[in-house]
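Since the structure comes first, as structure tokens, the remarks are kept for the end.
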Amino acid sequence: FHSMSTRDEQARERCEAELTALRAREKAASAGELSGIIERKAELKQMRKLGIYYEQRRPALGGFSLLWSKPQVGEGGAGQGGSSGSKLPQLPQMPKLPTADDLPFQLPTGLDVELAAGTASFGTVTGFCSGVALKKIGRAAAAVTGVLFMGLTAAERSGFIEVKWDKVKDATIGQLDTNVDGELTHEDAQVYFRKLVDYMTDQNSALTATSYATGLVLGLRVG
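Using the numbering used here, you'd call the opening residue of the sequence shown number 1404 and step up by one each time.
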């Protein structure tokens, strides 16, 4: 037991000596060295507080090696009633956990959670399916319209036909412009959205406009 106390005292003296040397170096240290000195001083003060002393971390060895620590239960002091066990030295910090920006996928939104949590009603499910279908149909219609426009333009440039694009524009906007302002805006889209929801839920007792509209928006987003 006497030899153990001697080793403990020697380790404590080395700790104090290193703290004194670090304080002396701290005054003339550069910005890069100062960070390491402050970190090592904090480690030494923690060792002194716990009564556990270990060498400076060696990355090549994958951690640290103990210089001296108090005996575990059944070791050394067991003959005098045993010890409550020594405190382990502070372990290296765990790696930083990924944030939402680091994830390879998008976190679910409130609407996604509502659907996945089983709280979605029949109207939400049917609205979701309708939204997915509408988005697929919209993409197909956009592709057909684009091909038709490019074909008419090519035929006109080649001299085969003459297209009165002003009349085409007026006729198209006249059919889709609900507030007759001469432009297609989000207000027109909202009108058609409400008309669709009313048409699908007005005479269907199994659906409500709110649940169907919620599912429709979610289906249009992920479809």
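All C-beta atoms, glycine included, are put in the ideal place defined by N, C-alpha and C.
- Setting aside the 5 residues that flank it on each side, Tyr1615 is surrounded in the same chain by Gly1526, Thr1527, Thr1529, Gly1530, Ser1533, Val1600, Met1603, Thr1604, each with a C-beta closer than 8 Å to its C-beta; the list follows chain order.
- DSSP places Leu1422 within a helical segment (H, G or I) once states are collapsed to three.
- By the 16-neighbour rule on beta-carbons within 10 angstroms, Gly1618 is buried.
- Here Leu1447 is near Glu1421, since their CB atoms are less than 8 Å apart.
- Secondary structure note for Thr1556: its alpha helix (DSSP H) is the uninterrupted segment 1525-1560.
- At the C-beta level, Lys1538 and Leu1621 stay beyond 8 Å of one another.
- Rounded to the nearest whole angstrom, the CA to CA distance from Glu1429 to Glu1442 is 12 Å.
- By the CB criterion at 8 Å, Ile1440 and Ala1427 fall outside the cutoff.
- Judged by beta-carbon spacing, Val1594 lies within the 8 Å limit of Thr1581, meaning their Cβ atoms are closer than that value.
- The DSSP-derived three-state label of Phe1563 is coil.
- For Val1625, the enclosing alpha helix (DSSP H) begins and ends at 1612-1625.
- Distance check between Ala1536 and each of Gln1413, Gly1585, Val1625, Lys1567 places Val1625 closest, using alpha-carbon atoms only.
- The beta carbons of Leu1579 and Asp1591 sit closer together than 8 Å.
- Around the beta carbon of Ile1540, fewer than 16 other beta carbons lie within 10 angstroms, which makes this residue exposed.
- In this chain, the alpha helix (DSSP H) harbouring Ser1438 covers 1434-1453.
- If you compare the alpha carbons of Gln1606, Phe1552, Arg1542, Ala1434 with that of Val1571, the shortest gap goes to Phe1552.
- In the three-state scheme derived from DSSP, where H, G and I count as helix and E and B as strand, Gln1413 is classed as helix.
- Annotation for Glu1586: no alpha helix (DSSP H) segment contains it, and DSSP assigns it neither H nor E.
- Under the three-state reduction of DSSP, Ala1431 is assigned to coil, being neither helix nor strand.
- The three-state reading of DSSP puts Gln1606 in coil, since its state is none of H, G, I, E or B.
- Close CB contacts of Glu1586 within its chain, under the 8 Å cut and outside five residues either way in sequence, are with Ile1576, Asp1580 (chain order).
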